[in-house]
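Quick note on UniProt numbering: the sequence shown kicks off at 1 and runs consecutively.
Don't be surprised by glycine CBs; every beta carbon is placed ideally from N, CA and C.
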Amino acid sequence: MFENLQDRLGSILNGLTGRGALSEADVTAALREVRRALLEADVALEVVRSFTDKVREKAVGASVLKAIKPGQMVVKIVHDELVEMLGSEGVAIDLHAAAPVVIMMVGLQGSGKTTTTGKIAKRLTERDKKKVLMASLDTRRPAAQEQLRQLGVQTGVDTLPIIAGQSPTDIASRAVQAARLGGHDVVILDTAGRTHIDEPLMMEMAEIKKNAKPHEILLVADSLTGQDAVNLARNFDERVGITGLVLTRMDGDGRGGAALSMRAVTGKPIKLIGTGERMGELDEFHPRRIADRILG
Ligand code: GDP
1 MFENLQDRLG SILNGLTGRG ALSEADVTAA LREVRRALLE ADVALEVVRS
51 FTDKVREKAV GASVLKAIKP GQMVVKIVHD ELVEMLGSEG VAIDLHAAAP
101 VVIMMVGLQG SGKTTTTGKI AKRLTERDKK KVLMASLDTR RPAAQEQLRQ
151 LGVQTGVDTL PIIAGQSPTD IASRAVQAAR LGGHDVVILD TAGRTHIDEP
201 LMMEMAEIKK NAKPHEILLV ADSLTGQDAV NLARNFDERV GITGLVLTRM
251 DGDGRGGAAL SMRAVTGKPI KLIGTGERMG ELDEFHPRRI ADRILG
């Protein structure tokens, strides 16, 4: 669909062989293409700016190695910088705390929060041999609680029995208590979402956090989120304080720019990615793969 960045840069820079170093003008021309590629990949504008500034610093005056073309060299600088900004791979969910370790899932409605709760519970049960309890704190949509209960049945993971009329914080306290009594290692709290960020949602998340003292707070976000990704991540991080990100729908044909945007504004690790609707479709995060995808 898009012309690959290497080809675009090649046509701008590859006439330069033999000049020794990249000039400011060469880099400016190249960065125009880099900026276009990042915007096409849905990286947020403010992140594109800080990213291209960093690349500029590294590229101006960099000597062009004889063995590679200048276009390839800039692509390499861009790729390396993307990988660095995207952060380390394989940052695991941190379970180093007294049992039951509480994991709180936050995010907008439809981001894949409940599905991801089920996937993480299944993974911790099967791979890490943990005894897990899941609880839905979504009191606004009774269907949400039922959805999680069904995922529990499907994955063979315990869910907290549903009691109508309880507040989200009451359910959270009951979940932690039930986990203690039931000998569970981990409790995953699937909180309610909204279609957009609003004050009541943030207050509810802060209240649950105060009450349940989660060890991990994972922001689940759709990888197809465009320019809003920055706003979303910044709000959840400033108001609730997240410990990591999970990006869903990486199986879609989006280019994954939201990964860079959210990582850049929060500095929090991308811990896992969702690659499909099924419970097994949860993967480790590989920054190189995402960098390749962003560059197209
Ligand atoms: P919630 O409102 O945030 O709890 O979102 P849900 O977990 O109910 O997910 C909303 C829809 O997205 C459902 O149809 C899920 O099957 C789907 N979904 C969740 N994660 C993924 C993913 O990684 N890939 C794809 N293709 N679909 C997903």
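For D292, the secondary structure class from DSSP, reduced to helix, strand or coil, is helix. Contact annotation: the stretch 218-228 touches the stretch 95-108, with at least three C-beta pairs closer than 8 Å.
Here K122 is not near M250, since their CB atoms are 8 Å or more apart. Between the ligand GDP and the CB of D251, the shortest heavy atom gap is smaller than 7 Å. The Cβ atoms of H196 and K131 lie no closer than 8 Å to each other.
Put simply, the backbone Cα of R239 is about 25 Å away from that of Q145.
The continuous beta strand (DSSP E) containing T248 extends over residues 244-248.
By the neighbour-count definition (other C-beta atoms within 10 Å, threshold 16), S136 is a buried residue. Each of L224, R140, D94 was checked against the Cα of D128, and the nearest Cα belongs to D94. Taking 8 Å as the cut-off, the Cβ atoms of A59 and L22 count as close. Look at the beta carbons and you see the stretch 196-205 not touching the stretch 170-186: under three pairs across the two are nearer than 8 Å.
DSSP, read as helix, strand or coil, puts M134 in strand. In this structure, P100 and V43 do not form a Cβ contact; the two beta carbons are roughly 38 Å apart against a cut-off of 8 Å. Burial check for V153: the Cβ neighbour count within 10 Å stays below 16, so the residue is exposed. Using a cutoff of 7 Å, the CB of E281 counts as near the ligand GDP, since one of the ligand's heavy atoms is closer than that.
For I273, the enclosing beta strand (DSSP E) covers residues 270-274. I103 has I188, E216 as its beta-bridge partners, per DSSP.
The stretch 226-243 and the stretch 23-35 do not touch, with fewer than three beta-carbon pairs separated by less than 8 Å.
Rounded to the nearest angstrom, the gap between the Cα atoms of I270 and T155 is 24 Å.
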